[in-house]
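Chains A and B are the protein sequences, given in the same order. Its first residue numbered 35, the first sequence is counted upward by one per residue in my numbering. Its first residue numbered 640, the second sequence is counted upward by one per residue in my numbering. Just so you know, even glycine gets a beta-carbon here, dropped at the ideal spot from N, CA and C. Take a look at the structure below.
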Amino acid sequence: MIKTRRKQNKYLDPVMLGKLKNMELIARCAVEGFYTGLHPSPFHGFSVEYSDHRDYQPGDELRYLDWKTFGRSDKLYVKQFQQETNVNVYILLDSSKSMAFGSEGSVRKINYASYLSAALCYMMLKQNDSVGLATFAQDIMQWIPPRSRYTHLHQLLVALEQNEPKGQTYLAQVLHTIAERSRRRGIVILISDLLDDVENIKSGLAHLKYLKHDVIVFHTLDRQELELDYEGQIQFEDMESKSVIRAFPKSVRKTYRKNVKDFLDEVQYSAGISEIDYFLTNTSEPLNKALLAYLNRRRRLG
Amino acid sequence: MGFTQFLFMLGSLAVAGPIMAHLFNRTRYKRVPFTMVRFLELSHKQTQSRRRIKDMLILLLRCAIICLIAFLFTRPFYYSSIPAESTTDIHFLVIDDSLSMTCTQESDSCWDRMLDAARQYIKKNDRPRNVFYLYSATTGFLGSRHTAQSAQSELKQLKPGTGRTELLALATRLNQEYKSKGTADNINVFVISDFTPSFIDTMSKQTQSYTVNELGYQVIHPQDEADNMAITHGDFIKFVDNKLILSATITNHGYVSGRRLIKAAIGSLNSNEYFITLEPGQSETKTLTLDITDSLKDKTVLPVELSLTPNDDLLLDDKYSIAVNINKQREKKVLLLGDNYEQTFLMKTALETLSGSSHQNFLTVHTLNFDEFSAASLRAIDILFVSRIHPVLARHSNQLKQFLKAGGNTVFFTTGDLDSSAITELFDKGIIAAAPRRKVEKIVSPKPIEPYSFSDDNIFEPAALSILNQYKPQAIPMWSYYQSLAAPDALTLCNIDPQAYLIYAKPLEAGRTMLINSGIDDSTSALLKRPIILALCRLLLGPQQSISTFSFSTDEDIVLPVGSNFWDRMSKKETYIFYDEKNKKQAHTSGSHIVCPAPHPVGWARTISQPVYYAGICPIEKETLLIRSDTEHVEAILGSVFKTTESERKFVEASVVFKQKRELDKYIVILLLFLIILDMTIANRMQR
């Protein structure tokens, strides 16, 4: 069990994934590693059209047993259904300049978000969901409409690989645009550091909720953004606004953490009110948390 | 509180360092790109005021640390009251045992009250570990260490002193005790005195100050306003027609007006008497006449006592003793001949000064310019001083020669340009001992006199020559001199170069003539300052022409001229001077004088040998002036001599505060460590 966990962690560790370079490989490792950790998988197949039978394996849900076949043959078979794409998933990847931040020992937020996006795309396409991708900063930079073909994965991964963070974040405007483009109900996955005004964020997310989308927010932050664990005398330079502030982190750390916590609490509270799944993802943590969050949501929709 | 090394306090100027660093802080910041700067700004604003306070606190802490380090180097200390049992207190009891303390009013005596105060002080500080020194302010005698008991006993032996206040022995012992004292030791000085002007003057002349832990004083004044008239000066004016003419100066040294009778006496022989009335501070001089009997004329020295009656509060200054040497030699008349008043003035001053007589009771000095000189000028004189060889002298060469043959003495100086014809004229007639030829202008010093080159010569008195032998003419700088031709019978003294001597002297029948190879101007310093010229004057005037009154103050050395024969008569080359039957002191020899070092009791000093030489011993000037000094003045004077180690001097009257010197080092170090830790803590919290 421990070995499994280690193996899982190994493939889900963003730093480890970062060494793989190839985005497809990264996505595959992440997802396979994730599944291995979850074995036996409870998530296989969400369609209703029958495709085949297979031998029952301990752990399979009893509701999928073919009782009629059991009555005839006195053997346990599980019915397998042909999976159908019935969900459009929109992955909104924040590619503003602030996402380029990555503290020592961690991957950049944009990398983390890309790995996560890739893993999600891979996983979704494997399940025949339609996956679309939008990268944005102050506006949408890339828009890949959702498709369910597996070959679509390549397009998505290339887009993720070529994505470079730039510009400032105007989340509200982007979310409104996405809302207008995605008329069909689906799942909207927002991967962002949410460095925008809370009211703007709430406004944009509310628009998506209005269109009956299921919204999942992966609030991606670096460990240092959460902890401000720097030492010494630091001149902090804002990556987006270029404003500068000189500070002794230790003297402001406590207040900073409190302010950040207040911000996160407010965002989380707003998300909760709007029935939006909110996940705070720390770039120094493995990807499984985020993947699991998605699968939980997807299962509910199942 | 005090500082051992106060100069190190300058180190606190280094406090400018952190202040400058604070003002011109250019901290290097590590540049870090960041995203959530708005939260940082918010946090920064929220913590800014607190951070500034901490900044200021750190600055103050660091300044305080630097100041403390400087403070530590100054070795500060303070005095704290401590249990008396744990200290060793060294008490210097300075007792003014001067004559003024003998002031007595009926049964009340300042002396007794002074002793009472001393006893009380000792009693108050009577603890096993305490040490006492009793210091006599007038004799300068500092006894050995005393316990309280032995100090009380020592007090009983104390008698009025006659010397002048001096602190040398006290200072030496103070310094010794101060160096050897432990931290628990205190050095206390307590002064008991009437603080008369004499005492104050002497104290104020102390150039050195001494550090003590505690300084106290007690003033002893007469209970009532003092009634004290004193004879402050007495002198012998002249002796004519068997009458001794004396002067006496009487001063009212008390606080009330007084009326006294003044008279002079030698034994039972009394002078005329005067009543004298004086207000406080007033002074008057009276002339008294004593008829000398034939029996007294034969005495070498007459002991004359001036006295005031009736007695007042202070008896010791009511008498004034003068020993008078009646000059039995014929009065000598001197003529000083010069170009101008300045030259004759110089010669006159030199002669009077160096002859040791300002009374002119055996020297009558006249001065003339060369143009006033005539043959008649030589008739009534014994000695002729001439500032330069002037043509007028050649014109009167015959009279000069007669003057010398008759026993006259001449002294010629070589001032200015000389007249060669006059020189030739005078030299040929034997009036000058040498003929100056060529002037040499350079600074030289004569060589010493050869000790025995003139011992058999009868030109000069042997005793005077022996004195001359002791002088050092090489110490006399000469700016110019003349290479001269000496007369065949001339005695030459003090060689300058092969052709020049400082002095040429020769007899001319009964008279003697002398040429001093130096300008009168050059000789000014020599005449006034150099003892060789004194000796020359002695050659001319003879040994008997010396000080004729002998009156000394109690703090002066007694110097009595007794002549060279005095020692020949003595079986031993030593003698004693007696003050009274119980009190004697050994005198020393010095040439033809006997010398007895000070101090002396008031009254008479006399030799035990025959003939008896007397010396009158009188109180020190102003010693019996009973004017009270104000407290502030006393404190200022005492404070300048005895520096207390506290920043504020505490004067205590008749009381003692026991205090212990405590070093502040360890407290400062603890405080320093605390501040450093505090600084590090705050700085660490602020990441400084």
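Taking the Cα of Thr686(B) as reference, the smallest distance to any Cα among Lys284(A), Leu205(A), Ser151(A), Phe252(A) is reached at Lys284(A). In the DSSP assignment, Val654(B) falls outside any alpha helix (DSSP H), carrying neither H nor E. Unbroken beta strand (DSSP E) runs of no fewer than 3 residues, entirely contained in the segment 686–770 of chain B, are found at 715–720, 727–734, following chain order. By the beta-carbon neighbour count (other beta carbons within 10 angstroms, threshold 16), Gly93(A) is exposed. Secondary structure note for Gly1255(B): its beta strand (DSSP E) is the uninterrupted segment 1253–1257. In terms of Cβ geometry, Asn145(A) and Gly139(A) do not form a close pair [threshold 9 Å]. Per DSSP, reduced to three states, the secondary structure at Arg280(A) is strand. Taking a C-beta distance under 9 Å as the contact criterion, Ser739(B) and Ser837(B) qualify as a contact pair.
With a beta-carbon spacing of about 5 Å, Gly873(B) and Leu945(B) fall inside the 8 Å limit used to define contacts. Shortest Cα-Cα distance from Asp866(B) to any of Leu813(B), Phe1066(B), Thr1263(B) involves Thr1263(B). For Met158(A), the uninterrupted alpha helix (DSSP H) run begins and ends at 143–160, by DSSP.
Taking a C-beta distance under 9 Å as the contact criterion, Lys131(A) and Met273(A) qualify as a contact pair. For Asn293(A), the secondary structure class from DSSP, reduced to helix, strand or coil, is helix. Residues of chain A with a Cβ closer than 8 Å to the Cβ of Arg701(B) do not exist, since the nearest Cβ in that chain sits about 17 Å away.
If you check the CB distance, Ser1016(B) and Leu1065(B) do not come in under 9 Å. At a beta-carbon threshold of 7 Å, the residues of chain A lying near Thr686(B) are Ser285, Val286, Thr289, ordered along the chain. A straight line joining the alpha-carbon of Ala660(B) with that of Leu652(B) spans about 14 Å. In the DSSP secondary-structure assignment, Ser226(A) is bridged to His253(A).
Ranked by Cα distance from Lys877(B), the options Ile1197(B), Phe834(B), Thr926(B), Gly1278(B) are led by Thr926(B). Its Cα nearest to that of Thr1246(B), the residue Tyr1218(B) stands out among Tyr1218(B), Ile931(B), Tyr774(B).
DSSP links Pro1075(B) through a beta bridge to Ser1123(B).
Around the beta carbon of Trp1118(B), fewer than 16 other beta carbons sit within 10 angstroms, so the residue counts as exposed. Arg670, Val671, Pro672, Phe673, Thr674, Met675, Val676, Phe678, Leu679, Glu680, Leu681: these are the residues of the segment 670–681 of chain B whose beta carbon lies less than 7 Å from some beta carbon of chain A, given in chain order. Assigned with DSSP and collapsed to three states, Arg1151(B) falls in strand. The shortest CA-to-CA distance from Thr801(B) to any of Lys1040(B), Gly1046(B), Asn825(B), Asp735(B) is the one to Asp735(B).
Taking a beta-carbon distance threshold of 9 Å, Arg691(B) does not count as an interface residue toward chain A.
Close to His683(B), with beta-carbon spacing below 7 Å, are these residues of chain A in chain order: Ile279, Ala281, Val286. The Cβ of Asp128(A) sits no closer than 9 Å to any Cβ of chain B. Residue contact check for Asp263(A) against chain B: no CB pair falls below 9 Å. Taken residue by residue, none of the segment 313–327 of chain A has a beta-carbon sitting less than 8 Å from a beta-carbon on chain B. In the pairwise beta carbon analysis, the segment 235–245 of chain A is classified as not touching the segment 183–190 of chain A: fewer than three pairs are separated by under 8 Å.
Assignment of Trp1118(B) by DSSP, reduced to helix, strand and coil, places it in the coil class.
The C-alpha of Ala1254(B) is placed about 42 Å away from the C-alpha of Ala1072(B). Residue burial annotation: Asp1010(B) is exposed, with fewer than 16 other C-beta atoms found within 10 angstroms of its C-beta.
The continuous stretches of beta strand (DSSP E) do not include Asp933(B), which lies in the alpha helix (DSSP H) extending over residues 933–936.
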